[in-house]
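Chemist:
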Amino acid sequence: MYNKTTEPGFMYPHYSHLWMTVLTGISLIIYRLVFENYVFVPLAYFLSRKNPPETRQGVLDREKKYTRMAECAMRALYYTLSFCSGLYLVSNESHFYDITECWRKWPFHPIPTTIAWYYWIQGGFYISLVFGILFLDAKRSDFWQMLVHHFITLALVGISWIMNMSRVGTLILVSHDAVDILIDVGKILRYEQLDTALAICFAGVLIVWVATRLVYYPFWIIRSVWFDAPALIQDDYEWLNFSQQPQAPRFIMFLLTALLVLHIFWAYILFKIAYDTVKYGVVDDVREDFDENSAVNREKAKNQEKSKDD
377 MYNKTTEPGF
387 MYPHYSHLWM
397 TVLTGISLII
407 YRLVFENYVF
417 VPLAYFLSRK
427 NPPETRQGVL
437 DREKKYTRMA
447 ECAMRALYYT
457 LSFCSGLYLV
467 SNESHFYDIT
477 ECWRKWPFHP
487 IPTTIAWYYW
497 IQGGFYISLV
507 FGILFLDAKR
517 SDFWQMLVHH
527 FITLALVGIS
537 WIMNMSRVGT
547 LILVSHDAVD
557 ILIDVGKILR
567 YEQLDTALAI
577 CFAGVLIVWV
587 ATRLVYYPFW
597 IIRSVWFDAP
607 ALIQDDYEWL
617 NFSQQPQAPR
627 FIMFLLTALL
637 VLHIFWAYIL
647 FKIAYDTVKY
657 GVVDDVREDF
667 DENSAVNREK
677 AKNQEKSKDD
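Numbers given in this note's numbering equal positions in the sequence shown, counted from 1, plus 376.
So, in structure tokens, the structure goes:
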């Protein structure tokens with residue numbers, strides 16, 4: 377397809393490289409198990425040793441809380457490292473400043489080895505997330521949406537790597553990691569009932585979510601895939617002419633659009649949280665409404681009791 381002779385420090389993708397995502401996925405699963413069970417949870421118990429729970433239910437609640445906080449801390453640490461390293465790497469590339477560079481002279485895009493490792497690790501991380509959501513994480517009401525999201529992301533990482541479209545892939549990955557840091561930090565603040573810090577963090581989540589996933593993603597990324605890519609790669613390509621080859625771009629566009637639908641779904645959840653915050657005066661995760669101890673449910677119960685007394 378193209379000359380694979382590259383300068384030192386660069387490479388062209390091959391499907392066999394995807395084994396690296398599997399290996400990094402296994403490594404990140406081990407990292408999670410070690411970090412949660414032997415670092416964060418013991419540290420949490422050590423820091424709370426002066427205020428131990430007095431009842432068995434209190435002990436169980438504390439264990440549940442620490443397990444969920446460890447899950448969030450693990451992800452927040454990864455997202456922070458991933459976002460910072462990804463932003464640094466991509467900011468040195470031309471397509472970070474001009475998205476049309478994702479398509480110019482394609483497929484003759486040698487990939488820096490550092491970007492390749494970033495891509496493989498990101499793919500491996502989503503493998504670990506799929507494993508986690510199936511076997512480790514607390515079940516939430518958006519279980520299936522989250523699972524579909526992870527599989528779509530894995531498919532996009534794999535296909536974009538094989539087709540040497542990692543330039544646009546890196547833009548998507550970096551922009552998505554930004555808000556994920558705040559989401560998991562916010563969950564930790566929620567479990568610790570640090571309401572003021574949580575409200576500030578949640579405001580940041582709303583702003584960054586809208587900016588990256590409802591503005592940048594559809595109006596920069598998807599728009600460029602829809603208009604710029606055909607114009608610079610195959611100017612007679614018609615998206616709606618399903619008999620025209622190749623079909624792979626249409627499948628990629630389907631996955632990108634499905635990702636956008638999930639973004640809109642979670643935006644609805646975020647704005648529902650914002651509504652409940654205004655109504656009940658607390659920030660809470662509506663995906664955990666089954667939790668009788670959630671802040672919103674406690675406030676709802678208080679309001680119901682108050683209305684009965686009146």
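We put the CB at the ideal spot given by N, CA and C, even for glycine. Bear in mind the structure is a predicted one, so any value in this text is a computation, not a measurement.
Here's a check: name, in chain order, each residue in its chain whose Cβ is nearer than 6 Å to the Cβ of R589, leaving out the five neighbours to either side.
Modeler: Within the sequence shown, numbered from 1, the residue matching residue 589 stands at position 213. Cβ within range, chain order: H639.
Chemist: Can you look up Y391 in the DSSP assignment and give me helix, strand or coil?
Modeler: On the sequence shown, position 15 is the one that residue 391 refers to. DSSP places Y391 in helix when its eight states are reduced to three.
Chemist: To the nearest angstrom, how far is it from the Cα of T529 to the Cα of I503?
Modeler: Residue numbering aside, residue 529 sits at position 153 when the sequence shown is read from its first letter. Residue numbering aside, residue 503 sits at position 127 when the sequence shown is read from its first letter. Rounded to whole angstroms, T529 to I503 spans 10 Å at the Cα level.
Chemist: Are the beta-carbon atoms of A531 and L631 separated by less than 7 Å?
Modeler: The residue given as residue 531 occupies position 155 in the sequence shown. The residue given as residue 631 occupies position 255 in the sequence shown. Result yes, Cβ atoms of A531 and L631 sit closer than 7 Å.
Chemist: With a Cβ-Cβ cutoff of 7 Å, do M445 and I564 count as a contact?
Modeler: Walking along the sequence shown from the start, residue 445 turns up at place 69. Walking along the sequence shown from the start, residue 564 turns up at place 188. It is a contact, given that the beta carbons lie within the stated cut-off.
Chemist: Pick helix, strand or coil for P488, following the three-state DSSP scheme.
Modeler: If you number the sequence shown from 1, residue 488 lands on position 112. Note: P488 maps to strand in three-state DSSP.
Chemist: Just confirm the distance between the C-beta atoms of L646 and V581, as a whole number of angstroms; I'd bet it's less than 8 Å.
Modeler: Mapped onto the sequence shown, residue 646 falls at position 270. Mapped onto the sequence shown, residue 581 falls at position 205. Right, their Cβ atoms sit about 7 Å apart.
Chemist: Verify whether the separation of the beta carbon atoms of L463 and V550 is less than 7 Å.
Modeler: Working through the sequence shown from its first residue, we reach residue 463 at position 87. Working through the sequence shown from its first residue, we reach residue 550 at position 174. Their beta carbons are under 7 Å apart, which means L463 touches V550 by this criterion.
Chemist: Could you name the residues of the same chain whose beta carbon sits closer than 7 Å to that of T456, not counting the 5 residues immediately before and after it, in chain order?
Modeler: Along the sequence shown, one-based indexing puts residue 456 at 80. Correct list, in chain order: I557.
Chemist: So, helix, strand or coil for F627, using DSSP?
Modeler: The residue given as residue 627 occupies position 251 in the sequence shown. Note: F627 maps to helix in three-state DSSP.
Chemist: Give me, in chain order, the residues of the same chain whose beta-carbon lies closer than 8 Å to that of F618; leave out the 5 immediate sequence neighbours on both sides.
Modeler: In the sequence shown, residue 618 corresponds to position 242, counting from 1. Here the set comprises R626.
Chemist: Below 6 Å CB to CB, which residues in the same chain sit around T476 once its five sequence neighbours on both sides are set aside?
Modeler: On the sequence shown, residue 476 is found 100 positions in, with the first residue counted as 1. D604, listed in sequence order.
Chemist: What's the call for H390, buried or exposed, on a 16-neighbour Cβ count within 10 Å?
Modeler: Within the sequence shown, numbered from 1, the residue matching residue 390 stands at position 14. Looking at its Cβ environment, which holds fewer than 16 other Cβ atoms inside 10 Å, H390 is exposed.
Chemist: Where do the N-terminal and C-terminal ends of the alpha helix (DSSP H) with P606 fall, by residue?
Modeler: For this step, residue 606 is matched to residue 230 along the sequence shown. First-last of the alpha helix (DSSP H) with P606: A605 to I609.
Chemist: Contact defined as beta carbons within less than 8 Å: I believe L608 pairs with W479. What is the distance between those atoms, to the nearest angstrom?
Modeler: Working through the sequence shown from its first residue, we reach residue 608 at position 232. Working through the sequence shown from its first residue, we reach residue 479 at position 103. At roughly 4 Å, the Cβ-Cβ gap stays under 8 Å, so L608 and W479 are in contact.
Chemist: Would you mind stating whether Y567 and K440 have Cβ atoms separated by less than 7 Å?
Modeler: Sequence index remark: in the sequence shown, residue 567 carries index 191 (1-based). Sequence index remark: in the sequence shown, residue 440 carries index 64 (1-based). Not closer than 7 Å, so no.
Chemist: Candidates E447, V637, A643 and H471: which alpha carbon is nearest S600's?
Modeler: Residue mapping note: residue 600 aligns to position 224 of the sequence shown, counting from 1. Cα-wise, what sits closest to S600 is H471.
Chemist: State the start and end residues of the unbroken alpha helix (DSSP H) segment that holds F578.
Modeler: Reading the sequence shown from its first residue, position 202 is the one you call residue 578. Where F578 is concerned, the enclosing alpha helix (DSSP H) stretches over D571 to W585.
Chemist: Comparing C-alpha positions only, which one of L523, A650, P594 and N540 sits nearest to W482?
Modeler: Counting from 1 along the sequence shown, the entry for residue 482 is found at position 106. Of the listed residues, the one whose Cα sits closest to W482 is N540.
Chemist: Tell me whether F386 sits in a helix, a strand or coil according to DSSP, three-state version.
Modeler: The residue labelled residue 386 in the question sits at position 10 within the sequence shown. Three-state DSSP puts F386 in a strand.
Chemist: Please confirm whether W482 has its beta-carbon closer than 7 Å to some beta-carbon of chain D.
Modeler: The structure shown contains no chain D, having only a single protein chain.
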